[in-house]
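*Asks:* Sequential numbering from 90 applies to the sequence shown in the numbering used here. Every residue gets a Cβ at the ideal spot worked out from N, C-alpha and C, and that includes glycine. All values derive from a computational prediction rather than experimental measurement.
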Amino acid sequence: MKRLGICVLFCLALLQFLYSPLRADELATVTGYVTDPNGLRVAGAKIQATNVETNVSYYGESNGEGLYRVTGMPTASYRVVVQKTGFKTAVKQGLDLHVQDIVSLNFQLELGSVAESVTVAAEVSLVNTESGVVSTVVNREFVENLPINGRSFQTLISLSPGVVVAPANISDPGQFSVNGQRTSANYFTVDGVSANIGMQSLPSLGQTASGTAVGFGVTGGTNNLVSEDALQEFRIQTSTFAPENGRTPGAQVSIATRSGTNQFHGTAFEFLRNDKLDANDWFADRVGAAKAEERINDFGGVFGGPLVKDRTFFFVSYEGQRMRLPQFASSNVPAADSRQNASAALQPFLNAYPLPNGPEILVACDPATDSTCPASGQKPSGVATFNKSFSNPTSLDAGSVRIDHNLGSRLKIFGRYNYAPSVSKQRAGGGDSLNTLFLSEINTQTATAGATWSITPAIGNEFRFNYSRVVGKFSNQLDTFGGAVVPPDSILFPSPFTSANAHFSYEVIGSPLVQNSTWLVGQGADNLQRQFNVVDNVWLQKGLHSLKFGVDFRRLSPGYGPLSYGLSPEFSGMINADNGTPLATNLTTSLKSSIAFRNLGLFAQDTFRVKPRFALTYGLRWDMDFTPTTIDGPALPSVINFNDLATLDLAPAGAPIYQTRYTGFAPRVGAAYQLRTASGWETVLRGGFGIFYDLMSTEAGDALTNGAYPYGVNETITPGFPYDPQWNATLEQSLGKQQALSLAYVGQVGRELLQQEFVLFPNPNIFAVQLERNGATSDYHSLQTQFQRRMSHGLQALVSYTFSHSIDDASSGSGGSSSNGFARGVSSNGNRGPSDFDIRHSLTMALAYELPSPGPRKSVVHKALAHWSLDNIFQVRSAPPVDVSDQSFFGVLGSAFSLVNIRPDVVPGQPLYVTQCQTIQPAPAGLTACPGGRGLNPAAFQDPPFDPNTFIPTRQGNLGRNALRGFGASQWDFAIRREFHIHGKESTRLQFRSEFFNILNHPNFASPNNAFDGLTTFGIPPSPQFGQSTQMLGRSLSSPVAGAGGFTSIFQIGGPRSVQFALKLLF
């Protein structure tokens, strides 16, 4: 019924557009001058641009300055005709327009009759002569040829300069940092409307509530939004200055979907993988564990064509995925003696962990003060190791249908509906025990309709409407993996609750039990995200000025599913677990609740053609992020008087968590000047400056999800509005008609950025409070180069290099990384240091090469060696920063203290890095060398001073934030393909391809474990895992929980070699 309701709403909206004046961000524009043989400008010339695949035309007319502008044109190949009485008809064909292109195409008419015509090729330079934007376009042909892991668009994003792939987590699912911006700052659109509709299948909404997270599927890919074969084109703008772009200050990622044409065309495909051909995980090999089962089947197809020739077209797509994704994990579990020593009532809770299959971990002790300590100075900890490979089943079914209709020469409409349910069953999600199954489900539905109306040759209107609905659910199950014994519901839940309507978790924290120490069972979240997005732009041509005005309104209404009963005992150390003495026990219940986020953007801009060589774009944008309001359930909790700790208290019910600000005015200016106009050797100098605002509501969604424990998100008494001044200067040079090289300086500074402040014991009435305030800053400077080559003589290439430095006080406003917050009274806001995503050097190369076909066409040699192609993606980057976190205090003060980072002191004279990792547990011979050849030296760090009564540090450690570095990474993805023309027809082809991700099986390691969790003051050493890498890079980049954002690990850069075969039928 819900699906039917969406379809009805969609159809009604589409009908409304037929009778109303219809921001179409994916559409392109052609502009230029019409002149006579003497170079004088010609007014009144008629321009007709016709899509050669649909025969649909778009019209314009040159004004008194001889300047014309044709806008609202979808991505396609066009034939442009210019007619004026007294002149021959001018025709330029083969004009390829891309997403958001603004192309300069000039015409010099010849004297004669309009019955005569002059036809030439439309040679458009690769360099951008119209604006100061820095962007990368990847067309459909390149997308279909490249080896794209997971068939999602993440790989395409990483091909742009300034992009860093960052680890995703529950609080920060964004995955990409662009030009030093936070991963929550990117804005995705599909067919001109917002695709930031993500919803986590977790008991925490985080950034997904307020529309800063992309609507990924359960595997973290974009397949649920647009299948790769339904993509027309992809553009990422990393530095843009047109006022029409905004809402968030990061990259603007635009995806245009395919439409039908006058010819019936389609594709059927099957991609498959099997573990028999793949390499094993490096860490699994290290301990002799076998490869886990891997099965990936990615299948489906697309089909499009005319319903009514030249008038109505359709395009449908389907993609199905059935996967068993391999994983390897090391965990710590109760040792055999711990289970035996526990009372009969407690044994079921310890037996719910897998049985150890590795040695018991030893801890240091002092025989002089500890009677249980042997002479060796090491004694059993009660914790042993358990290592195992396993597979996680995942499925996706994504289907879409698009209808385009031409209502005449002036009005064109379209509608698209997409439905994509995805399900995952993940073992050990979120670092839980290896026998805890995390069942995640994300169902995505989107309905988009729009129209383009050319009111006159000089005035036009573009309209888009979208309704999206995303459901995120999860539950936990326990199984007998590794010899675990599942406890009955009767000892976990009081009547009438069971694992079918309630939730239970059991956790042991503290060294050395720091890995996979929690098991969970029961129902979790049932969350919902809904979006209404309306975008409308009006443009007009007035002399040398191209004016554009627009409005973009978005309403999000996330809902948090209720939890009727939840019990979570937490134990500090195995001794306390054995005797049943918890550090804390949380009993929770929550009500169903929903809030509304509303964003409004208004803009006015002008592109002024100052001279034929000089284009200037300037204007103003006004962004408003309104205060969230409660729709259903309890009011959002907040606090008052937080600048006076003695009177800090809960705010009255209904108090806003922050005030709406109406001062988000963002001036922008961008310019492009052609230094050289010689055809094929154009030189362009471009640049721009602009102010960009971020959303205030990034973390406000968490106010919904904390049940009986009020969690206020309060900015400041007079909150600022996070903003980013950005600028660039770019020199771009054509290298012939098919190649271009650009060199850019790109910079930005962030001011009044959101940052968490943690206040412990603010007064006798409150234990702790977390505040969200505008206290952080950031600075980013970079040198960015890019080489582009269109497909020519069988070769297409895109090469990007970035040399950059990003510094900030906090790389996120969320709790995803404790290094981003600070504690009042413990540390001043002295977090200034390299950003979490500060990658100094990054190089990506994408190359597609069609091998020459030798010999005569009918010869045996030609038949054997014709139509072969080689496709490659190379990625190389330097090491990310590592922030050592002294987690000694978490077990003493409770997990809430993990919201901030206490860094250790550096021990003078000790090296920070070692090549032989210091392990205190028995290990097989040869396993003492650090993974990756280097690790952190545990002896180099010690606790900062702290109050012995409260265990609260009296100051921050003297090790700087993000002062150390992990490992660089490099990977080569390679594909070889061959096409067979069926019955000799170019239009019907069978393609076979083999793809090798990380073909050299080069091991890429995650950063070393940064959890320095020993109390050195009392002689307690850190965990054996501290200082050494414990997983491959690919796994560290993916979110630990499915459905929480971030691509699944097998599709990330940095995993073991994986081989994929594919068969495609194109017709």
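Give every residue of the same chain whose Cβ lies closer than 7 Å to the Cβ of Gln284, excluding the five residues on either side of it in the sequence, and list them in chain order.
*Replies:* The sequence shown places Ala at residue 284, not Gln. Only Phe277, Thr278, Val303, Gly304, Leu314 meet the Cβ criterion.
*Asks:* Along the chain, where does the beta strand (DSSP E) containing Lys181 start, and where does it finish?
*Replies:* 178 to 186
*Asks:* Could you give the residue range of the beta strand (DSSP E) that holds Glu861?
*Replies:* 855 to 881
*Asks:* Which residues mark the beginning and the end of the beta strand (DSSP E) in which His634 is found?
*Replies:* 634 to 645
*Asks:* Please tell me whether Thr218 and Thr160 are closer than 8 Å, where the distance is taken between their beta carbons.
*Replies:* no
*Asks:* Could you check the C-alpha separation between Gln172 and Thr178 for me, to the nearest Å?
*Replies:* 5 Å
*Asks:* Mapping the DSSP letters down to three states, classify Leu770 as helix, strand or coil.
*Replies:* One point to set straight first is that residue 770 is Trp, not Leu, in the sequence displayed. Trp770: coil per DSSP, three-state reduction.
*Asks:* Does the Cβ-Cβ distance between Arg400 and His494 come in under 8 Å?
*Replies:* yes
*Asks:* Relative to the C-alpha of Glu1068, which residue among Ala685, His187, Glu233, Leu435 is closest?
*Replies:* Glu233
*Asks:* Shortest alpha-carbon distance to Leu739 belongs to which of Phe963, Ser727, Ser406?
*Replies:* Ser727
*Asks:* List in chain order: all unbroken alpha helix (DSSP H) runs of 4+ residues lying wholly within the region 333 to 395.
*Replies:* Here the runs fully enclosed are 371 to 375.
*Asks:* Should Ala424 be listed as close to the ligand COA, given that the test is whether its C-beta is under 7 Å from any heavy atom?
*Replies:* Although the ligand COA was asked about, the structure shown includes no ligands whatsoever.
*Asks:* Taking the beta carbon of Ser1128 as the centre, do at least 16 other beta carbons fall within 10 Å, making it buried, or is it exposed?
*Replies:* buried
*Asks:* Give the list of continuous beta strand (DSSP E) stretches no shorter than 3 residues that lie fully inside the region 653 to 718.
*Replies:* 655 to 661, 673 to 677, 682 to 700, 703 to 714
*Asks:* Which whole-angstrom value is the C-beta distance of Gly690 and Arg1050, which I expect to be below 8 Å?
*Replies:* Not quite, the Cβ-Cβ distance comes to about 34 Å (not below 8 Å), so this is no contact.
*Asks:* Once the 5 residues before and after Ala797 are set aside, which same chain residues still bring their CB inside 7 Å of it?
*Replies:* Unreliable placement is indicated for Ala797, whose pLDDT of 44 sits below 50; no coordinate value is reported for it.
*Asks:* Indicate whether Phe638 and Ala693 have their beta-carbon atoms separated by less than 8 Å.
*Replies:* yes
*Asks:* Measuring alpha carbon to alpha carbon, tell me which of Arg992, Val996, Gln1080, Gly998 ends up nearest Thr1043.
*Replies:* Arg992
*Asks:* Between Tyr508, Asn334, Gly310, which lies nearest to Asn275 when the distance is taken from Cα to Cα?
*Replies:* Asn334
*Asks:* Give the straight-line distance between the Cα atoms of Arg92 and Leu567, rounded to the nearest whole angstrom.
*Replies:* Bear in mind that a pLDDT of 49 at Arg92, under 50, signals an unreliable position, so the model cannot answer this.
*Asks:* Who are the near neighbours of Lys468 in its chain, counting only those whose CB is closer than 7 Å to its CB and skipping five residues on each side?
*Replies:* Leu451, Val452, Cys454, Thr461, Cys462
*Asks:* What residue range is occupied by the uninterrupted beta strand (DSSP E) comprising Lys562?
*Replies:* In the DSSP annotation of this structure, the continuous segment of the beta strand (DSSP E) that includes Lys562 starts and ends at 548 to 567.
*Asks:* Going by DSSP in three states, Ser831 sits in which element: helix, strand or coil?
*Replies:* In the structure shown, Ser831 falls within a strand segment according to DSSP collapsed to helix, strand and coil.
*Asks:* Are the CB atoms of Phe1150 and Ser1083 within a distance shorter than 8 Å?
*Replies:* yes
*Asks:* Suppose contacts are defined by Cβ-Cβ distances below 8 Å. Is Leu528 in contact with Asn312 by that definition?
*Replies:* Not in contact: Leu528 and Asn312 (Cβ atoms no closer than 8 Å).
*Asks:* Let's test the definition: count the other Cβ atoms within 10 Å of the Cβ of Arg413 and tell me whether it reaches 16, buried, or not, exposed.
*Replies:* buried
*Asks:* Quick one: any contact between the region 413 to 423 and the region 376 to 392, if contact means 3 or more CB pairs under 8 Å?
*Replies:* Of all C-beta pairs linking the region 413 to 423 to the region 376 to 392, three or more are shorter than 8 Å, placing the two stretches in contact.
*Asks:* Helix, strand or coil: which one does DSSP assign to Pro163?
*Replies:* coil
*Asks:* So the candidates are Ser900, Gly944, Val949; which of them puts its Cα closest to the Cα of Pro970?
*Replies:* Taking Pro970 as reference, the option from Ser900, Gly944, Val949 with the minimal CA-CA separation is Ser900.
*Asks:* Give the straight-line distance between the Cα atoms of Ser266 and Leu652, rounded to the nearest whole angstrom.
*Replies:* 34 Å
*Asks:* Between the Cα of Tyr1002 and the Cα atoms of Leu680, Ile896, Ser768, Gly1116, which residue gives the shortest distance?
*Replies:* Gly1116
*Asks:* Looking at Tyr837: is its Cβ nearer than 8 Å to the Cβ of Gly269?
*Replies:* Note that residue 837 is Gln in the sequence shown, not Tyr. Contact flag set, yes.
*Asks:* Can you give the beta carbon distance from Thr541 to Asp280, rounded, assuming they're within the 8 Å contact cut?
*Replies:* In this structure, Thr541 and Asp280 do not form a Cβ contact; the two beta carbons are roughly 12 Å apart against a cut-off of 8 Å.
*Asks:* To the nearest angstrom, how far is it from the Cα of Gly251 to the Cα of Thr327?
*Replies:* The straight-line gap from Cα to Cα measures roughly 7 Å.
*Asks:* Which residue from Leu439, Asp625, Val512, Thr244 puts its Cα closest to that of Glu596?
*Replies:* For the residues Leu439, Asp625, Val512, Thr244, the minimum Cα distance to Glu596 belongs to Leu439.
*Asks:* Using a 10 Å radius around the Cβ and a threshold of 16 neighbouring Cβ atoms, would you call Glu846 buried or exposed?
*Replies:* buried
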